[in-house]
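Student:
Residue numbers (this note's numbering): 62 to 461.
(1) Assign residue 300 to one of two classes, buried (16 or more other C-beta atoms within 10 Å of its C-beta) or exposed (fewer than that).
(2) Give the range of the alpha helix (DSSP H) segment to which residue 374 is assigned.
(3) Look at the alpha carbon of residue 282 and the alpha carbon of residue 207, and state the distance between them as a whole number of angstroms.
(4) Kindly indicate which residue of 100, 194 and 211 has the alpha-carbon position closest to the one of residue 205.
(5) Quick one: using the 10 Å Cβ neighbour count with 16 as the cut-off for buried, is residue 329 buried or exposed?
(6) Quick check on DSSP: helix, strand or coil for residue 476?
(7) Can you look up residue 432 in the DSSP assignment and give me helix, strand or coil?
(8) Tell me where the beta strand (DSSP E) around residue 232 begins and ends.
(9) In terms of DSSP beta bridges, what is residue 151 paired with?
(10) Hey, quick one: how far does the alpha helix (DSSP H) through residue 224 stretch, first residue to last?
(11) Under 9 Å, do residue 241 and residue 187 count as touching if we go by C-beta distance?
(12) If we call anything under 9 Å between Cβ atoms a contact, is residue 256 one with residue 290?
(13) Count the CB pairs spanning the region 416 to 423 and the region 381 to 401 that are closer than 8 Å, and state whether there are at least three.
(14) In this structure, how does DSSP classify residue 258 when only helix, strand and coil are distinguished?
(15) Using the Cβ count rule (16 or more neighbours within 10 Å means buried), how would you classify residue 120?
(16) Run the CB neighbour count on residue 475, radius 10 Å, all protein chains shown included, and call it buried at 16 or more, exposed below.
(17) Throw me the rounded Cβ distance for the residue 158 and residue 143 pair, which I believe falls under 8 Å.
(18) Enumerate, from N- to C-terminal direction, the unbroken alpha helix (DSSP H) stretches of 4 or more residues contained entirely within the region 77 to 132.
(19) In whole angstroms, give me the CA-to-CA distance for residue 308 and residue 276.
(20) Output yes or no for whether 9 Å exceeds the beta carbon distance between residue 227 and residue 150.
(21) Got a sec? Which residues, its chain only, sit under 8 Å from residue 410 by beta carbon, not counting five neighbours each side?
(22) If you draw a straight line from the C-alpha of residue 139 to the C-alpha of residue 94, how long is it?
(23) Expressed to the nearest angstrom, what Euclidean distance is found between the alpha-carbon atoms of residue 217 and residue 130?
(24) Could you tell me if residue 273 is buried or exposed, where buried requires 16 or more neighbouring beta carbons within 10 angstroms of its beta carbon?
(25) Apart from the five residues just before and just after residue 79, which ones in its own chain have a Cβ nearer than 6 Å to its Cβ?
(26) Kindly list the residues whose CB is nearer than 7 Å to the CB of residue 372, restricted to its own chain and excluding five residues on each side of it in sequence; keep chain order.
(27) Report the residue from 365, 433 and 370 whose alpha carbon sits nearest the alpha carbon of residue 398.
(28) How far does the beta strand (DSSP E) with residue 281 in it extend, from its first residue to its last?
(29) Take every Cβ of the region 247 to 263, pair it with every Cβ of the region 442 to 456, and state whether three or more of those distances are shorter than 8 Å.
(30) Hey, how far is the Cα of residue 189 from the Cα of residue 179?
(31) Pull up the distance between the alpha-carbon of residue 348 and that of residue 406, whole angstroms please.
(32) Would you identify the three-state DSSP class for residue 275, choosing helix, strand or coil?
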């Protein structure tokens, strides 16, 4: 689908009708008019256009309210497709999904070299997208491409301003991809994209506000308010990994000390675990081979804790306590209705989640703050990819 066609599909009333069908299907024209305050002729005309465009289809007849049985409407989910990209620090993952988020195709790129150039990165990005687009027989059915990019992103311009793990700056993702594929491209920070994916596909119900926090190689977050991502004044909203937890703590990659990120990532957990094991070995004059292993990972810390290693279990519980302090600060600052945790660190949820909840319950300012629900994502590693897809879906379906 060409960019001009996409823009025509985005009118406010069209989006209003589309979103009503999406959230209430199957639904009649009369019910849409009643619930959107649009006139019946307006709804009929819009539905006619949407059927012609292939976005909506008619279904079986509904129950009569005294006259003819109404024809019910459904979203035609496989009418169009969206490419979603998770441009992480080490790999580029791509999917092709229909309008319901169902994955049609998927590819994972080869790991990126540590010294990858801007041109090489863009080449890998295009290669991955081309791979998933091959599964579509008619290229006109592709609505657009959503890219979830790690680091700082200029959302309006679609540019990666700073990709710290790649040591790259000023990558013109939107311009390059729109020139290459001729469709609309949306670029977003990966943690914020994950939040949008949770809002659309996480099965959390209708929430006026939701904070999603990604705990993995880094720590980032996204805030969704009334279905829209909050970006802040300079597109850095959600950089919660650089919230100060300990003024005298370990130096973070950002240059400051004691950031949440220095406690809550997989690497940070592994470092603290090794220090604990080394101290324990020194105090008992025994050698613990685990403490000497430079390759000890956060994943291994969790596996060992799950198998009964009490000291490592305590490291994970302490991690949960520290995360809980950070989340309590966020609850007091933005007061979200729900907090969703994602990322590799949440695999240790049996250790960290109870500790997080205890801290919030003990430190929350009000009864309601203490009871702020904190859950772990059901989408797992797919949350960011589905979030990238959602960048286009929100443009089509949400008129706000």
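We put the CB at the ideal spot given by N, CA and C, even for glycine. All values reported here derive from a predicted model rather than from experimental measurement.
Tutor: Per the coordinate set shown:
(1) Buried is the call here.
(2) Here the alpha helix (DSSP H) through residue 374 covers 371 to 395.
(3) One alpha carbon belongs to residue 282, the other to residue 207, and they sit about 18 Å apart.
(4) When 100, 194 and 211 are compared, the shortest CA-CA separation from residue 205 is found for 194.
(5) Here residue 329 is buried: its Cβ has 16 or more other Cβ atoms, across all protein chains shown, within 10 Å.
(6) Because residue 476 is not part of the residues shown, which for the chain are 62 to 461, the question remains open.
(7) Residue 432 falls in the coil class under three-state DSSP.
(8) It spans 229 to 232 - the beta strand (DSSP E) in which residue 232 sits, taken as one unbroken run.
(9) Paired residue(s): none; residue 151 is not in a bridge.
(10) In the DSSP assignment, residue 224 falls outside any alpha helix (DSSP H) and within the unbroken beta strand (DSSP E) covering 220 to 224.
(11) It is a contact, given that the beta carbons lie within the stated cut-off.
(12) The beta carbons of residue 256 and residue 290 sit closer together than 9 Å.
(13) The region 416 to 423 vs the region 381 to 401: in contact.
(14) In the structure shown, residue 258 sits in a helix (DSSP, three-state: H, G or I).
(15) Under this definition residue 120 is an exposed residue.
(16) There is simply no residue 475 to check, as the chain begins at 62 and stops at 461 in what is shown.
(17) In this structure residue 158 touches residue 143 by the C-beta definition: roughly 6 Å separates them, less than 8 Å.
(18) Here the runs fully enclosed are 90 to 97 and 101 to 114.
(19) Spanning the two alpha carbons is a distance of roughly 21 Å.
(20) With contacts defined as CB atoms closer than 9 Å, residue 227 and residue 150 qualify as a contacting pair.
(21) Once the five neighbours on either side are set aside, the close Cβ partners of residue 410 are 402 and 437.
(22) Take the alpha-carbon of residue 139 and the one of residue 94: they are about 25 Å apart.
(23) So the two alpha carbons sit approximately 46 Å from each other.
(24) With 16 or more other Cβ atoms inside 10 Å of its own Cβ, residue 273 counts as buried.
(25) Here residue 79 has 458 as same chain residues with Cβ atoms under 6 Å from its own Cβ, once five neighbours each way along the sequence are excluded.
(26) So the qualifying residues of the chain are 337, 338 and 341.
(27) When only C-alpha atoms are compared, the closest one is 433.
(28) Where residue 281 is concerned, the enclosing beta strand (DSSP E) starts and stops at 280 to 286.
(29) Yes, since at least three Cβ pairs between the region 247 to 263 and the region 442 to 456 fall closer than 8 Å, the two stretches touch.
(30) Residue 189 and residue 179 have their C-alpha atoms some 16 Å from each other.
(31) Here the model assigns residue 348 a pLDDT of 49, short of 50, so the residue's position is not dependable, and the following value carries that caveat. Distance between the alpha carbons of residue 348 and residue 406 is about 28 Å.
(32) The answer is strand: DSSP assigns residue 275 an E or B state.
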